[in-house]
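Visitor:
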Ligand code: ADP
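Residue numbers (this note's numbering): 111 to 567.
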């Protein structure tokens, strides 16, 4: 009996112990499972957060319509591109896919369809993908949107440019061809020597026009590719002296129209960094226009001066002037206000486009102020050499040089200046004291002795 009681008692004790152990183990397992679930949840929330962050930061518009055709996801870029985003996919197709054929492509069963949308003056590329999720009986749809306005504009400009070039080349070529044909066929035998000379001169003039056009096109293409930067020879130039020399050189061209041309240096003019040939081209172009579009017995005044760190040249005429509407376009390639008048003057509408690009290459600006029948005033401003050296010094200390020929020339002169002042030209670690010494010296460079001179009157 005792044995039975002992066995029972030990059984009870063992059971109680086992129950305790199991209870603890179950508790432990449950805690472990709860922890795993919490970690999974955390990871899912993190992934969702990351996906949202990526979607909101990309510039591709994304919309997701679920298998019930309801808008489930839309990112910032999509809202910026489309003013109104319907909640329902079918409404979305009605609104954005009807005219461009996107809706019919999807209704015909295509799993991917694309089209171009015109929205508020912008061009948007829209692509829609139909996707089938696991265990779903209907398709969900992902719409992607990208702004392609700039690409379309560039493509249009490229086509216009090619057609303008062909047209401009064809005009003198037609003259050359017809004059030479008639000379070969019968002109040499039948025309008088003076008439033959006139025809050959016409052929010669038009071939010069073609040559000029090709030179201009070549220059524009090297400006587009920025390959001109390599051939620039930038140095600190005596701006006022150069402009005076150009005005003197061009006095002869004013004689045919009896135009009076004068040059006024109205303040002290510090040097500028520029390529001599290109600076010459800019000013010659503006003065040639002032002569071409100036009136008979008119007046051209060229002013050179210095204003708040900028050096300027202003070419003022009292010719036909330019309307406000035309002023918005004259710097565009091939734009001519009066086609026949411009052609008659040998103009091809490229001069001011080239001038503007050359000015910008020298980190300058160009502006026009004009009144119809009263005359025009073109002003070009360039940073003074000291200003350029100052901005280059900051670049060298903080981000490194921008690699332009102007910055290279300014860096060379900064190194020389530092050497003269006994400063070690280690720009990234330049002390505050050395920086202030250099800046003070640059400030002095802008304060040359004032000179006020006039020529050509
Ligand atoms: P173009 O070679 O035809 O002269 P530009 O690019 O130099 O071409 O000038 C564009 C147009 O701007 C010209 O067709 C002309 O009508 C107008 N324009 C330029 N300069 C002047 C000026 N000083 N006065 C009046 N019109 C001007």
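Positions of the beta carbon are idealized from the N, C-alpha and C atoms, including for glycine.
In three-state terms, what does DSSP make of residue 470?
Guide: DSSP places residue 470 in helix when its eight states are reduced to three.
Visitor: For the beta strand (DSSP E) containing residue 481, list its first residue and its last residue.
Guide: Element bounds for residue 481: 475 to 481.
Visitor: If residue 371 sits next to residue 378, beta carbons under 8 Å apart, how far is it from one beta carbon to the other, in whole angstroms?
Guide: Residue 371 to residue 378, Cβ: 23 Å. No contact.
Visitor: Which residues in the same chain have their Cβ closer than 6 Å to the Cβ of residue 344, if we skip the five residues on either side of it in sequence?
Guide: 383, 385, 515, 516, 519.
Visitor: Which residue's Cα is closest to the Cα of residue 229: 249, 252, 258, 214?
Guide: The shortest C-alpha separation from residue 229 is found at 258.
Visitor: Is DSSP giving residue 130 helix, strand or coil here?
Guide: Residue 130: helix per DSSP, three-state reduction.
Visitor: Can you tell me whether DSSP reads residue 335 as helix, strand or coil?
Guide: Of the three classes helix, strand and coil, the one that applies to residue 335 here is coil, per DSSP.
Visitor: Using a Cβ-Cβ cutoff of less than 7 Å, which residues in the same chain neighbour residue 227 once the five nearest sequence positions on both sides are dropped?
Guide: Closer than 7 Å at Cβ, skipping near neighbours: 206, 210, 234, 236.
Visitor: Indicate whether residue 309 and residue 289 have their beta-carbon atoms separated by less than 8 Å.
Guide: In this structure, residue 289 lies closer than 8 Å to residue 309 by Cβ.
Visitor: Would you check if the distance between the CB atom of residue 480 and the CB atom of residue 432 is smaller than 8 Å?
Guide: Yes; because the gap between Cβ atoms is below 8 Å, this pair is in contact.
Visitor: Check whether the segment 436 to 443 and the segment 410 to 423 are in contact - that is, three or more C-beta pairs closer than 8 Å.
Guide: No, the segment 436 to 443 is not in contact with the segment 410 to 423.
Visitor: Can you name the residues that DSSP bridges to residue 232?
Guide: According to DSSP, which records beta bridges pairwise, residue 232 is partnered with 229.
Visitor: Helix or strand or just coil, what does DSSP make of residue 158?
Guide: Of the three classes helix, strand and coil, the one that applies to residue 158 here is helix, per DSSP.
Visitor: Measure the beta-carbon distance from residue 446 to residue 278 and round it to whole angstroms, keeping in mind my assumption that it falls under 8 Å.
Guide: That pair is no contact at about 11 Å.
Visitor: Is the beta carbon of residue 187 closer than 8 Å to that of residue 176?
Guide: No, the pair does not count as a contact, with Cβ atoms beyond the cut-off.
Visitor: Let's see if you can read the secondary structure: which residues bound the beta strand (DSSP E) around residue 485?
Guide: Its beta strand (DSSP E) spans residues 485 to 493.
Visitor: Terminal residues of the continuous alpha helix (DSSP H) containing residue 52?
Guide: The structure shown has nothing for residue 52, since the chain only spans 111 to 567.
Visitor: Does ligand 1 have a heavy atom nearer than 7 Å to the CB of residue 486?
Guide: Residue 486 Cβ: within cutoff of ligand 1.
Visitor: Of the choices 338, 283, 306, whose alpha-carbon is the least far from that of residue 318?
Guide: When only C-alpha atoms are compared, the closest one is 283.
Visitor: Please classify residue 245: does DSSP put it in a helix, a strand, or coil?
Guide: Three-state result, residue 245: coil.
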